[in-house]
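*Asks:* Chains as they are written, first to last, in the UniProt record's numbering: chain A, 1 to 260; chain B, 1 to 290.
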Amino acid sequence: MKKFTALIVDDEAHLRQHLRHRLLQVWPELEVIGEAANASTAQQLYLEHPVDIVFLDIRMPGQSGIEIATHFIEKSIVVFVTAYDSYAIEAFEKGAVDYLLKPIEKDRLSHCCKRLQERLSLGSNSSLVSNHLNDIKNCLVQLGSSQEISSKKYLRWIQAGVGNGIRLISTSEILYFRSDEKYTSVRTEQSEYLIRKTLKELEDELDPHEFWRVHRSALVKVGAISSVLRDEKGKQVLSIRGIQEKIEVSRNHTHLFQQM
Amino acid sequence: MDTGKPNQVLPRLLSLIETSKRLWWQFFDWLAVVSWSYLVFVSFICLIIAGILGLGSIVPLLVFSSFLIKSLAGGKRKAEIAADAASVRANMEALERRVLEAEMASLQAQIEPHFLFNTLALIGQLIETEPEQASIVHGHLIKYLRAALPQIREKGNSKLGQQIELCRAYLNIMQARMQERLSFSIDCPKELQHYAFPPMMIQTLVENAIKHGLEPKTEGGHIHIGAHLGESEIVVDVNDNGLGFDLQANEGIGLSNIRERLKVLYGFRAALSIEVPETGGAHLSLHIPV
């Protein structure tokens, strides 16, 4: 009988040893030809020695296991190894690829190995595998992208120079941006910072649902507005939660604050 | 002495005016709130007393003007008083709600299952290969859980020393797992260890540094925790030389949680500041008033 080969990919050395050790117990004939600590090493090893089975950790530095799985899936069987990733478990319920939960139980591993042996004895080009191939690929693409599900990414942190360092301010803290002649001032409940980015640039990079341009010189966090009042001249003026300053709404933007 | 006298008279006069003003407004507020039947009853008593004392002309005038004021301005004033009371109550409620939310949040600052299972997997492996090392990591895990489990965590008297020890246990475990990819140093002077310090904040910063800064970095890196006494505040720094900050990543529950708790506990006297040095990595500081 042909001897099957395997590759173990996990960033933690102890866990690679652990799996190798357990595999030796439940499937002594399986030859583990290599271990890799990250995605790029794994791909390199795989190029040199294509194996039958890849045990693949999901969370790794650099590329995740899910991102590189497609490299192996055509010629090998991939078994994901993960400590806790509910989304992964859900996807694998579909039965396309097996998965193992860390810490790996001996019984569970021997069950997995039996399935692998059955699958391998059918031959890698069997209809069973190729039928599933597209499903698996789709599934992986979905999983890979689920981490970056929002198509457009918005700026969440503002970098402002303070002394020698650069201070990071979370957009959740910011109440409004206001342009001065040369700088843009960033107002939080506690303090104020100056940055060089223009309001126009900020408007493009920030989430438009979160920050509204209410004036040529003001970009306001919608969630921070506590009230909109009309002054004597009929101009709309915004009160901001937590601070005294008021912000004027220019005529072009009054449509933002109309009664329902 | 002669010049002293008018100087004394003037403040007295002013304070007299002040007092009468205050009394008048008290009287006015009372008028606004009191019920008509009660006012009629009180006026009746006053009229009788006035009759006995022979103040027949002033008191009926007073009673009449009271009725007039109440009917003309009483309603508006009553509404104002009610609105004031309501807004004070609303502020109190908002504050109480925020305290409660912050408490809940600190309870929810939970242990990540990923961390727990990976550590157990490590101990499982070590039992078979290096039993002594297994026992050490097992000890660190117990230390960590004692301080980090919300059900066990001591309430109200968390000290800086304990918080640092919690981080040390966590970093020891992470070091056993990541091996040469993680190194750390802790610098907390002995005299600072007994200062009160809110729970799980430094820990959250350290976890963040590992999760976002060092774990995703192939070659790993170093974490330094340092505490020092500033001007009437304790400053705790958590520095790492990892990947730094992704400007488009959400702040995450951890950091916004810390910020909210600081605000409720200390108002504006406490702060969490985040800096990215030009050399890379991230530099987070907690400023807690003493």
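The beta carbon of each residue, even a glycine, is placed where N, CA and C say it ideally should be.
1) Tell me, please, whether the CB atom of lysine 102/A is closer than 8 Å to any CB atom in chain B?
2) Glutamate 73/A to isoleucine 104/A, Cα distance in whole Å?
3) Using CA coordinates, which residue listed in Ala218/A, Asn138/A, Asp11/A and Val228/A is at the minimum distance from threonine 198/A?
4) Where does serine 217/A sit, in a helix, a strand or coil, going by DSSP?
5) Would the beta-carbon of glycine 62/A fall within 8 Å of that of threonine 218/B?
6) In the structure shown, what three-state DSSP assignment does tryptophan 24/B receive?
7) For the pair the region 76 to 83 of chain B and the region 129 to 141 of chain B, tell me if three or more CB-CB distances fall below 8 Å.
8) Using 8 Å for Cβ pairs, my map puts leucine 100/A next to phenylalanine 4/A. What's the rounded Cβ distance?
9) Cutting at 7 Å between CB atoms, please list the residues of its own chain near glutamate 189/A, excluding the five before and the five after it.
10) Taking its Cβ as the centre, do 16 or more other Cβ atoms sit within 10 Å of alanine 85/B, making it buried, or is it exposed?
11) Helix, strand or coil, according to DSSP, for valine 59/B in the structure here?
12) With DSSP collapsed to three states, give me the class of serine 158/B.
13) Step through the CB atoms of chain C and report whether any lies within less than 8 Å of the CB of valine 235/B.
14) Could you tell me which of Gln26/B, Ser66/B, Tyr170/B and Glu93/B sits nearest to glycine 44/B, measuring between CA atoms?
15) Are the Cβ atoms of leucine 288/B and alanine 270/B separated by less than 8 Å?
16) Quick check: valine 238/B and leucine 205/B, are their CB atoms within less than 8 Å of each other?
17) State buried or exposed for histidine 14/A, treating a residue as buried only when at least 16 other CB atoms are found within 10 Å of its CB.
18) For a cutoff of 8 Å on Cβ pairs, would you count arginine 156/A as touching chain B?
19) Measuring only from the beta carbon, is glutamate 245/A closer than 7 Å to any heavy atom that is part of the ligand PLP?
20) Terminal residues of the continuous beta strand (DSSP E) containing leucine 286/B?
21) Roughly how many whole angstroms lie between the Cα atoms of isoleucine 186/B and leucine 7/A?
22) Give a yes or no on contact between the region 160 to 180 of chain B and the region 117 to 136 of chain B, applying the rule of three or more CB pairs nearer than 8 Å.
*Replies:* With the given structure in hand:
1) yes
2) Per the sequence presented here, residue 73/A reads as isoleucine, with glutamate not at that position. Going by the C-alpha atoms only, they are around 22 Å apart.
3) Ala218/A
4) coil
5) Yes, the Cβ-Cβ distance between glycine 62/A and threonine 218/B is below 8 Å.
6) In the three-state DSSP reduction, tryptophan 24/B falls in the helix class (H, G or I).
7) no
8) Not really, about 17 Å apart at Cβ, beyond 8 Å.
9) Leu175, Gly242 and Ile243
10) So alanine 85/B ends up on the exposed side.
11) helix
12) coil
13) No chain C appears in this structure, whose protein chains are A and B.
14) Strictly speaking, residue 44/B in this sequence is phenylalanine, with glycine absent from that position. Residue Ser66/B is the option with its Cα nearest to phenylalanine 44/B.
15) Correcting the residue identity first, residue 288/B is isoleucine in this sequence and not leucine. Taking 8 Å as the Cβ cut-off, isoleucine 288/B and alanine 270/B qualify as a contacting pair.
16) yes
17) buried
18) yes
19) Of ligands this structure carries none, so the ligand PLP is not represented either.
20) 282 to 289
21) 38 Å
22) Here the region 160 to 180 of chain B lies against the region 117 to 136 of chain B, with 3 or more beta-carbon pairs under 8 Å apart.
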